[in-house]
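Undergrad: For the sequence shown, the working numbering gives the first residue as 22, with consecutive numbering after it.
From the three backbone atoms N, C-alpha and C, an ideal C-beta is built for every residue, glycine too.
Being a predicted model, the structure only gives us computed values, none of them experimental.
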Amino acid sequence: MHSILVVLCSPPGGDQAETKEEGQLSSLDVSFVILCFNNREILRRCLEAVYGTIQGLTFEVIVVDNGSTDGSPEMLAREFPQVRVIRNATNLGWAAAGNQGLLAAQGRYSVRLDSDTEAYPGTFTELVAFMDQHPEVGVAGSKLLNPDGTAQATGRTFTTPAAVLFGRKSWLSKKFPNNRFSKRYLTCLHTQGDDPYPVDWVSGASMIVRREVIEQGLLIDDQRFFVFAADLDWCYEIRQAGWEIYYVPRSAILHNEGGTTKQRRDAAIIEFYRGMYQYYRKHFVRNWYDPSHAAAIAGLTALAILALARKRVVLFTAWIRGTKAGRKKVEAGLAR
22 MHSILVVLCS PPGGDQAETK EEGQLSSLDV SFVILCFNNR EILRRCLEAV
72 YGTIQGLTFE VIVVDNGSTD GSPEMLAREF PQVRVIRNAT NLGWAAAGNQ
122 GLLAAQGRYS VRLDSDTEAY PGTFTELVAF MDQHPEVGVA GSKLLNPDGT
172 AQATGRTFTT PAAVLFGRKS WLSKKFPNNR FSKRYLTCLH TQGDDPYPVD
222 WVSGASMIVR REVIEQGLLI DDQRFFVFAA DLDWCYEIRQ AGWEIYYVPR
272 SAILHNEGGT TKQRRDAAII EFYRGMYQYY RKHFVRNWYD PSHAAAIAGL
322 TALAILALAR KRVVLFTAWI RGTKAGRKKV EAGLAR
């Protein structure tokens, strides 16, 4: 029987309104840290998959709610009373809210799990077994699958300025997927077999973190990052501290990528490139007068504008075609 924790939090700098804890936690293998922001149905499917697929592990589930107003907290209380819930008054983002969950976790390992994922049987037992056998590994990531069964770019080398041209979202990688630069960066898409192998970083959609990493103070940088690039930067800091990071293909999980941001796509595009700018500025720009600083701003701004423009071209094309589906797509796009 897991305890129930409800914490009502104010924005940063405010006072905590209420803390309530009942019972004692036993020794746990895993603490699942899942964030929620107005995505009740997605969260429900995620939790059903977690509770329906795990065998042989002791665990707790911590949901950090970022000020949802769609009934998500009420759904949790009604349908998943065993979940520990941390409630924030406002949306603190993936980084800050993730840290709240990690600091509250009691397990030997914490799994940072996005709510738009759905686990398969064995997803997490594979991760825990691998971590138990490899004490030198601080973080390991699952193989993320699209709904059609194809793999997403999960295990990668560290992002560099050149990776802007050959990253998973770049036109060059999509047009020429087998070029050597994209293959070097998107390692998991070009490596055969199911054996785990070392990478520079893994996606925060499903990643397991050793408790000792958190105890060393290696938390997510929530001062610079809100959502995007926070997992990239976190893995960078963990690698710098001497831990290894691995990709574990046998730990497969369905990832409805962007399921938590589909209703805010324009904002998500801007936030993605803002996050990448913060990462480049933190690790590659020596000072404000460094020419690479201006290059990073110009390059990432241009990419953001192109991404936003491309979306509108797609909508305009659908409108011109005049199909019923096209009109719905335009109306949905204009409402975001």
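Can you find the residues in the same chain that come closer than 7 Å, C-beta to C-beta, to Glu265, ignoring five residues on each side of it along the sequence?
TA: Answer for Glu265: Glu157, Val158, Gly159, Pro219, listed in chain order.
Undergrad: Using the C-alpha atoms, what's the distance from Ala140 back to Ile55?
TA: One C-alpha to the other measures close to 13 Å.
Undergrad: Using a Cβ-Cβ cutoff of less than 6 Å, which residues in the same chain neighbour Phe249 once the five nearest sequence positions on both sides are dropped?
TA: Excluding sequence neighbours, Phe249 sits near Glu292, Phe293, Gly296.
Undergrad: Starting from Tyr130, trace the beta strand (DSSP E) in both directions and tell me its first and last residue.
TA: Counting along the chain, the beta strand (DSSP E) containing Tyr130 begins and ends at 128–134.
Undergrad: To which residues does DSSP link Glu360 through a beta bridge?
TA: Look at the range of the chain in this structure, 22 to 357, and you will see that residue 360 is not part of it.
Undergrad: Compare the C-alpha of Arg271 against each of Glu258, Pro217, Asp221 and name the closest.
TA: Considering only alpha carbons, the answer is Pro217.
Undergrad: Could you tell me the distance, in whole angstroms, from the CA atom of Lys303 to the CA atom of Arg99?
TA: Approximately 43 Å between the Cα atoms of the pair.
Undergrad: Out of Tyr268, Asn277, Asp254, which one is the CA nearest neighbour of Tyr301?
TA: Of Tyr268, Asn277, Asp254, the residue nearest in Cα terms is Asp254.
Undergrad: Report the residue from Ile259, Ile290, Phe305, Tyr267 whose alpha carbon sits nearest the alpha carbon of Glu147.
TA: If we check each option's Cα against that of Glu147, Tyr267 comes out closest.
Undergrad: Is the beta carbon of Asn87 sitting closer than 9 Å to the one on Gly122?
TA: No, the pair does not count as a contact, with Cβ atoms beyond the cut-off.
Undergrad: Per DSSP, Asn87 is paired with what?
TA: Note: Asn87 sits in a beta bridge opposite Asn109.
Undergrad: Taking C-alpha atoms, which residue in Thr178, Trp222, Ile235, Gly170 lies nearest to Ala18?
TA: Residue 18 cannot be examined here, being either before or after the span of the chain that is shown, 22 to 357.
Undergrad: Run the CB neighbour count on Asp153, radius 10 Å, all protein chains shown included, and call it buried at 16 or more, exposed below.
TA: Under this definition Asp153 is an exposed residue.
Undergrad: Would Ala118 and Val82 be called neighbours here (beta carbons separated by less than 9 Å)?
TA: Not a contact, by the Cβ cut-off of 9 Å.
Undergrad: Going by Cα to Cα distance, which pick from Pro102, Ala116, Arg108, Gly225 is closest to Thr138?
TA: The candidate whose alpha carbon is nearest that of Thr138 is Gly225.
Undergrad: Of all the options Gly73, Gln261, Tyr130, which has the alpha carbon lying nearest to the alpha carbon of Ser48?
TA: Closest by alpha carbon: Tyr130.
Undergrad: I'd like to confirm the pairing. Which residues does DSSP put opposite Leu275 in its beta bridges?
TA: DSSP, once it has assigned bridges, lists Glu139, Leu166 as partnering Leu275.
Undergrad: Please report the residue range of the alpha helix (DSSP H) in which Arg245 lies.
TA: It is not in any alpha helix (DSSP H) - Arg245 carries neither H nor E in the DSSP assignment.
Undergrad: What number of angstroms, rounded off, separates the C-alpha of Thr90 from the C-alpha of Arg108?
TA: Straight-line Cα distance between these residues: approximately 11 Å.
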